[in-house]
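Below is one structure, written out as structure tokens; the observations come after it.
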Amino acid sequence: MHQPALHPDQDDGAAALRSALRDAPDDWALFLDIDGTLVDIAEQPHDVRVAAGLPQDLARLAERLGGALALVTGRRVDWIDANFGPHLFPAAGLHGVERRRASGELDRAGLAPSLNALRKDLGRRTARMPGVLLEDKVAAVALHYRQAPEREPDVRAMMEMALKVMGDGWVLQHGKMVVELRPASANKGTALEAFLAEPPFAGRRPVAVGDDVTDEEMFRVVNARGGLSVRICETEAPTLARARLASPQALRDLVVELGA
Ligand SMILES: O=P(O)(O)OC[C@H]1O[C@H](O[C@H]2O[C@H](CO)[C@@H](O)[C@H](O)[C@H]2O)[C@H](O)[C@@H](O)[C@@H]1O
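Under UniProt numbering, the letters of the sequence shown match residues 1 to 260, in that order.
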């Protein structure tokens, strides 16, 4: 199979992605994170803007890759469809807990009644913390502190308590100015493995692009399979990724270029 060349500079990811996806589109499967990767980080989850034309650009690239392109995110699959439709991409949501196969079949996360009471309690507490935002993800819950960074210790402590209440089968997922409580049943790495066992992903080598700690599970799987792992970061950050890209805009430009 075609082996992309890697160079040890910050934008080596662009050359490597071109080398793989433009030169050998039948050999590779592409997995893309959303927040901080395809879309720029915003102050609040509902402030993000999907760039005009991006869903169509992604659909064109997916076609070049024989459909082997999936979105892998901490958001819900419903959110992906509302923001990246009308094309329904294969997708993993809630960090892999829910997953829509290329066939369209969707595995949703089971609802936990005990999460409802906990969500209400967290809602009451965060109402007294200006700048701390509760994001209800139905089968999971996130507390954001981007607008009140000094609240990070309080948020972490509250979520540690919440994890104790939920017990086995739940984990805390740390991210960019956010702590999430979600089912432990899957992660982004297991979601990749599941896609790679099915058409049209099976038999291809994985490429994953992400920007956050939750994406490191994807990078672990990708590296083990001799694929290409790319982390978007403006500065050096510890990562398993073997290549880097400077920004979401650099990735969006590549999506246009490689889909043309
Ligand atoms: O896996 P991802 O696609 O990277 O999603 C991870 C989380 O992204 C969102 O939160 C992050 O982006 C927000 C908007 O830019 C930002 O305000 C926040 O500080 C970030 O943590 C999203 O709200 C979460 O549900 C996702 O799990």
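The beta carbon of each residue, even a glycine, is placed where N, CA and C say it ideally should be.
Please read all numbers here as calculations on a predicted model, not as lab measurements.
Below 8 Å on the Cβ atoms is my contact criterion, and I expect residue i with residue j to pass it. Report the Cβ-Cβ distance as a whole number of Å.
| i | j | result |
| --- | --- | --- |
| residue 246 | residue 231 | About 11 Å separates the two Cβ atoms, so there is no contact after all. |
| residue 200 | residue 59 | No, residue 200 and residue 59 are not in contact; Cβ-Cβ is about 14 Å, not under 8 Å. |
| residue 100 | residue 90 | 6 Å |
| residue 65 | residue 25 | 5 Å |
Within a Cβ cutoff of 8 Å, which residues of the same chain sit near residue i, ignoring the five residues on either side of it in sequence?
| i | result |
| --- | --- |
| residue 122 | 134, 141, 143, 158, 162 |
| residue 43 | 146, 147 |
Take residue i and list the residues in its own chain whose beta-carbon comes closer than 7 Å to its own, dropping the five residues that flank it on each side.
| i | result |
| --- | --- |
| residue 136 | 119 |
| residue 214 | 74, 95, 173, 175, 188 |
| residue 6 | With a pLDDT of only 39 at residue 6, under the threshold of 50, the placement of this residue in the model should not be trusted; the figure read from the coordinates follows. Excluding residues within five positions, the ones whose Cβ falls inside 7 Å are 12, 16, 242, 243. |
| residue 216 | 239, 240 |
| residue 41 | 35, 176 |
| residue 181 | 140, 141, 159, 162, 163, 166, 170, 172 |
| residue 276 | Given that the chain is displayed from residue 1 to residue 260, the structure contains no residue 276 and the question cannot be resolved. |
| residue 211 | 33, 36, 37, 231, 232, 233 |
| residue 8 | Note that residue 8 scores a pLDDT of 44, beneath 50, so its modelled location is shaky; the value from the coordinates is reported in the next line. So the list is empty, once near-sequence residues are dropped. |
| residue 70 | 31, 89, 90, 91, 92, 195 |
| residue 50 | 39, 83, 84 |
Can you name the residues that DSSP bridges to residue i?
| i | result |
| --- | --- |
| residue 210 | 231 |
| residue 99 | 92, 107 |
| residue 35 | 39 |
| residue 141 | 136, 181 |
| residue 202 | BP columns for residue 202 are empty, so no partner. |
| residue 244 | 231 |
| residue 30 | 69, 207 |
Excluding the 5 residues flanking residue i on each side, which residues of the same chain have their C-beta closer than 6 Å to its C-beta?
| i | result |
| --- | --- |
| residue 239 | 231 |
| residue 222 | 206, 208, 229 |
| residue 178 | 142, 144 |
| residue 48 | 39, 42 |
| residue 257 | none |
| residue 106 | 100 |
Legend entry - Ordered list of alpha helix (DSSP H) runs contained in the region 47-71, each at least 4 residues: 54-64
Inset, instruction - Enumerate, from N- to C-terminal direction, the unbroken beta strand (DSSP E) stretches of 3 or more residues contained entirely within the region 157-198. - result: 170-175, 178-183
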